[in-house]
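Heads up: the structure comes next, in structure tokens.
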Amino acid sequence: MTITAPDGDGPLLRVDDLVVEFTAGRSTVQAVSGVSLEIRAGETLGLVGESGCGKSTLGRAIVQVQPPTSGSVTLDGVDLTTLSDRELRRFRTRIQMIFQDPISSLNPRRRVRDIVAEPLVIWGRGTPDERKAKVREMLVAVGIDPDAAGDRHPQEFSGGQCQRISIARALMSEPALLICDEPVSALDVSVQAQILNLLADLRQTYGLTMLFIAHDLAVVKNVSDRVAVMYLGKLAEVATSEALYRSPAHPYTEALLRSIPQPGFGHRAPGPDGRAALAHRPALGLPVPHPVPVRHRSVRRRGAAARRGLAGPPGGLPLPAGGRDRSGARPGACARTRGVPGLTPRPIRGSDGVPDPPPGPPGCVRHPSPRTARRQRRG
Amino acid sequence: MTVPTDAGAAGAAGPSGAAGTADADRYPDVGASDGPLLVVEDLRTAFRTTRGTVRAVDGVSLSVDRGRTLGVVGESGSGKTVLSRSIMGLLPASDVVRGGSARFDGEDLVTATPDRLRRIWGAQISMIFQDPMTALNPVTRIGRQITESLRLHLDMDRSTARDAAVELLRSVGIPSPEQRLRSYPFQLSGGMRQRVMIAIALACAPRLMLADEPTTGLDVTVQAQILDLLADLQQERHMAVILVTHDLGVVAGRADEIAVMYAGKIVERAPTRSLFAETRMPYTRALMQSIPRLSDPPGTRLEAIPGRPPQLIDRPPGCAFAPRCPYAQDRCRTEEPPLRSTTSPDHVFACWYPLVDGRPTGLPGPAAAPTSIPTSAPVAPPVATPVAAPVAAPTTGETPR
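Here the protein sequences come in this chain order: A and B. Numbering-wise, numbering that gives the first Met the number 0 puts 183 at position 184 of the first sequence, and it's gapless, one number per residue. Numbering-wise, numbering that gives the first Met the number 0 puts 193 at position 194 of the second sequence, and it's gapless, one number per residue.
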């Protein structure tokens with residue numbers, strides 16, 4: 000079974016300068032501010048960032064569950080933002096989502112076989128017998144016994160099993176793109192491994208294209224071909240998983256990498272006082288800014304936000320077309336990092352005698368200019 | 000750091016016959032005798048349900064010294080949450096069978112009266128719960144929730160308690176604490192709510208803190224911040240901590256000793272370093288290997304543990320992990336291994352064929368080579384049977400939401 004014929008080498012999904020704004024009282028919150036990315040057919044793109052950075056909103060905006068304020072989302076050459084509601088509904092069968100909480104994303108009052116069959120029932124695809132066969136096939140594919148499980152309700156299953164059922168449901172309509180929004184963060188580590196392995200197998204079998212949203216870089220690295228790091232509504236860095244881990248270009252990526260607890264990794268001997276040394280202390284020295292940039296309607300306050308470096312340059316991060324980012328010249332929104340052509344390379348941290356790097360542009364929140372930094376200290 | 004001190008109340012709340020002065024009572028490192036603060040022996044908790052007796056904690060023994068951290072690790076349903084609740088005495092009033100002892104500073108918490116427990120909760124032992132959204136009262140302001148125990152246990156007046164609450168919120172890293180006192184839980188982010196939970200737990204400067212999955216559901220960066228915060232506060236206050244989690248990575252750098260639980264029992268207990276360096280129990284090793292590692296190349300197949308933890312009703316004879324263990328022998332299925340040690344008395348494990356350098360030892364027969372480690376079977380994994388229908392009484396304390 001093939002889901003979609005990848006047409007040539009072009010991207011399956013193309014997101015261009017996507018902006019999503021929410022109005023909260025008198026101010027506007029920009030949850031996604033100018034994100035551009037591409038996913039090729041058969042590829043898995045990981046999307047990492049802290050909660051509140053806009054990664055879930057980006058996922059929802061791609062499906063048009065949350066209508067974007069501006070920008071375009073093109074799947075297979077069709078711009079989803081221009082479709083009418085009716086066309087969109089029809090087209091949306093090609094994108095499916097898996098959500099974080101497996102239990103609450105299944106209707107507790109329906110039987111498993113009805114839940115899984117629903118996508119086909121809604122669109123009237125196939126005869127009842129064909130649908131039944133398809134449900135069986137999918138349940139077996141995700142490792143659920145259709146005979147034992149089909150007549151049961153979701154609450155009779157554990158979290159990991161519910162996530163398997165969600166995956167089966169998502170694959171029923173043979174989607175071109177699967178958006179996984181934190182599919183394993185509610186699961187135990189041992190179950191998480193089972194689900195990640197399952198996704199890897201299904202990807203092989205069905206040639207899935209995935210956008211994998213998560214906050215754990217180790218998980219994302221395991222499943223993704225490329226990883227996009229999101230921070231404050233913008234992409235901070237896009238790179239192949241391997242390159243991202245080997246040499247994170249953006250300091251924020253580095254901080255994320257350091258927060259991941261790893262057993263045995265860098266585990267130090269207990270200190271002289273007999274206490275275990277803290278092996279994984281992340282150096283998130285800077286105060287955490289407001290999760291998403293806020294644009295106040297007041298001109299004065301907007302100006303202040305811009306000066307503090309919260310607003311940033313419009314447009315966000317340019318993404319080189321055609322996979323240039325695989326070649327090492329990676330886009331990184333931080334101008335003080337290496338890897339961005341024409342900008343100052345960043346000296347290696349901790350090496351002796353390296354002078355302080357020149358200040359970056361005011362648009363970077365992690366590297367405020369000396370003047371901004373002074374103002375922040377005073378304020 | 001201003002720690003609320005009130006000599007009279009502390010003395011009254013302290014266990015009888017404990018350290019002499021109220022100050023020593025509050026800060027056990029000042030003149031307090033050394034030795035374990037909490038000694039749990041053969042603790043048993045079982046729930047009577049319509050389907051049978053669920054032995055959620057089945058003969059657990061452990062001890063925690065003052066100022067030290069014990070990590071308790073296990074999968075969902077291994078009984079780790081029921082263990083921490085049994086130590087606290089936070090169990091349903093009926094249909095519970097309890098046994099063994101949990102002596103906190105010499106006083107048995109299992110047989111303590113509810114009235115006595117109320118004096119200990121918050122003041123001597125406190126708990127951080129898993130889900131800060133449901134653990135906090137949604138219709139009460141943060142300030143009231145923090146000052147409640149201060150006023151009750153330490154007999155503070157309103158304004159002193161308020162000042163202490165501001166100081167507590169500041170110590171857990173909440174910006175502008177004066178304003179935050181007037182916030183409701185829903186106005187805070189998940190990380191902030193968990194900080195508030197920690198502030199409440201710390202309010203009366205307890206000597207033992209039970210942290211039950213304090214960072215589950217939080218971002219990795221927030222998780223690291225919360226765990227660092229706990230470690231700092233613990234060092235400052237010389238507090239003993241029991242850190243309960245399903246993630247070995249979380250306790251790796253933070254616990255002095257780690258106990259691994261499976262099916263209501265401790266299957267391996269060792270100083271952290273020893274546990275990682277010389278893992279003896281195949282289950283511990285399997286847990287470690289199921290965590291994706293940053294150093295592995297993308298697409299590396301994870302070594303998931305096949306199957307599910309056993310039901311705690313009518314547990315089969317032998318080792319509870321045997322059905323999922325790659326090295327299981329006939330003996331494992333019939334005879335239950337006791338907790339024992341080989342090289343170091345600190346490192347105990349319950350396995351007939353303990354691992355040495357990742358290989359089982361003492362296997363019978365010439366063909367001692369292990370069968371290949373079953374990875375979570377690919378497209379047709381061990382066909383999952385639904386977990387048993389939920390029962391009225393809590394089975395393991397970790398029923399799916």
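Quick reminder that beta carbons are idealized off the backbone N, C-alpha and C, glycines included. Small disclaimer: the values here were computed from a predicted structure and weren't measured.
Val-240 (chain B) has its alpha-carbon roughly 40 Å from the corresponding atom of Ile-178 (chain A). Arg-314 (chain B) is positioned such that its CB atom lies closer than 9 Å to that of Arg-54 (chain B). When DSSP states are grouped into helix, strand and coil, Ala-198 (chain B) belongs to the helix group. The C-alpha of Gly-190 (chain B) lies about 7 Å from the C-alpha of Leu-217 (chain B). One alpha carbon belongs to Ala-251 (chain B), the other to Pro-260 (chain A), and they sit about 8 Å apart. If you look at Gln-222 (chain B), you'll find it in the alpha helix (DSSP H) that goes 219 to 236. Buried is the label assigned to Trp-351 (chain B), since at least 16 other Cβ atoms lie within 10 Å of its Cβ.
Beta-bridge pairing by DSSP links Gly-98 (chain B) to B:Arg-43. The Cβ neighbour count for Val-96 (chain B), taken over all protein chains shown within 10 Å, is under 16; the residue is labelled exposed. Listed along chain A, no residue sits closer than 7 Å to Asp-211 (chain B) by beta-carbon distance, the nearest being about 14 Å off. Ranked by Cα distance from Ala-147 (chain A), the options A:Pro-127, A:Arg-112 and A:Val-237 are led by A:Arg-112. The straight-line gap separating the alpha-carbon atoms of Gly-361 (chain B) and Arg-323 (chain B) is approximately 19 Å. Neighbours of Tyr-244 (chain A) in chain B, taken as residues at a C-beta separation under 7 Å, are given in chain order as Leu-293.
The DSSP-derived three-state label of Ala-349 (chain B) is coil. Against chain B, the beta carbon of Val-120 (chain A) has no neighbour under 8 Å; the closest one sits roughly 23 Å away. Take the alpha-carbon of Leu-201 (chain B) and the one of Thr-220 (chain B): they are about 22 Å apart. Using a Cβ-Cβ cut-off of 9 Å, Asn-196 (chain A) counts as an interface residue toward chain B, since at least one Cβ of chain B sits closer than that to its own.
Secondary structure at Val-120 (chain A): helix, using DSSP grouped into helix, strand and coil. For Ser-175 (chain B), no Cβ of chain A is located within less than 9 Å of the residue's own Cβ. Look at Arg-110 (chain A): its C-beta is not under 9 Å from any C-beta on chain B.
Within the DSSP secondary-structure output, Ser-62 (chain B) pairs in a beta bridge with B:Val-38.
Listed along the chain, the chain A residues whose CB falls inside 8 Å of the CB of Leu-286 (chain B) are Val-188 and Ser-189.
The contact set of Ser-240 (chain A) on chain B, defined by CB atoms closer than 9 Å, consists of Pro-296, Pro-297 and Gly-298 in chain order.
Ranked by how close their Cα comes to the Cα of Gly-158 (chain A), the residues B:Val-109, B:Thr-112 and B:Glu-74 have B:Glu-74 in first place.
Among the CB atoms of chain A, none fall inside 9 Å of the CB of Ala-239 (chain B).
Residue contact check for Ala-321 (chain B) against chain A: no CB pair falls below 9 Å. By a beta-carbon distance limit of 8 Å, Arg-108 (chain A) does not contact Gly-149 (chain A). Their separation comes to about 15 Å. In the structure shown, Arg-151 (chain A) adopts coil according to DSSP, grouped into three states. At a cut-off of 9 Å between C-beta atoms, Thr-220 (chain B) counts as an interface residue with respect to chain A. Sorting B:Arg-157, B:Leu-168, B:Thr-110 and B:Val-81 by C-alpha distance to the C-alpha of Met-126 (chain B) places B:Val-81 at the top. Taking all protein chains in view, the Cβ of Gly-105 (chain B) is surrounded by fewer than 16 other Cβ atoms within 10 Å, so the residue is classified as exposed.
Here Val-266 (chain B) carries a strand assignment [DSSP, helix/strand/coil]. The stretch 189 to 197 of chain A makes contact with the stretch 295 to 314 of chain B: 3 or more CB pairs, one atom from each, lie closer than 8 Å. Taking all protein chains in view, the Cβ of Arg-151 (chain A) is crowded by 16 or more other Cβ atoms within 10 Å, so the residue is classified as buried. Scanning the stretch 66 to 154 of chain B from its first residue to its last, the whole alpha helix (DSSP H) runs of 4-plus residues come out as 79 to 87, 113 to 119, 131 to 134 and 141 to 152.
Taking a Cβ-Cβ threshold of 7 Å, the residues of chain A close to Ser-75 (chain B) are Asp-187, in chain order.
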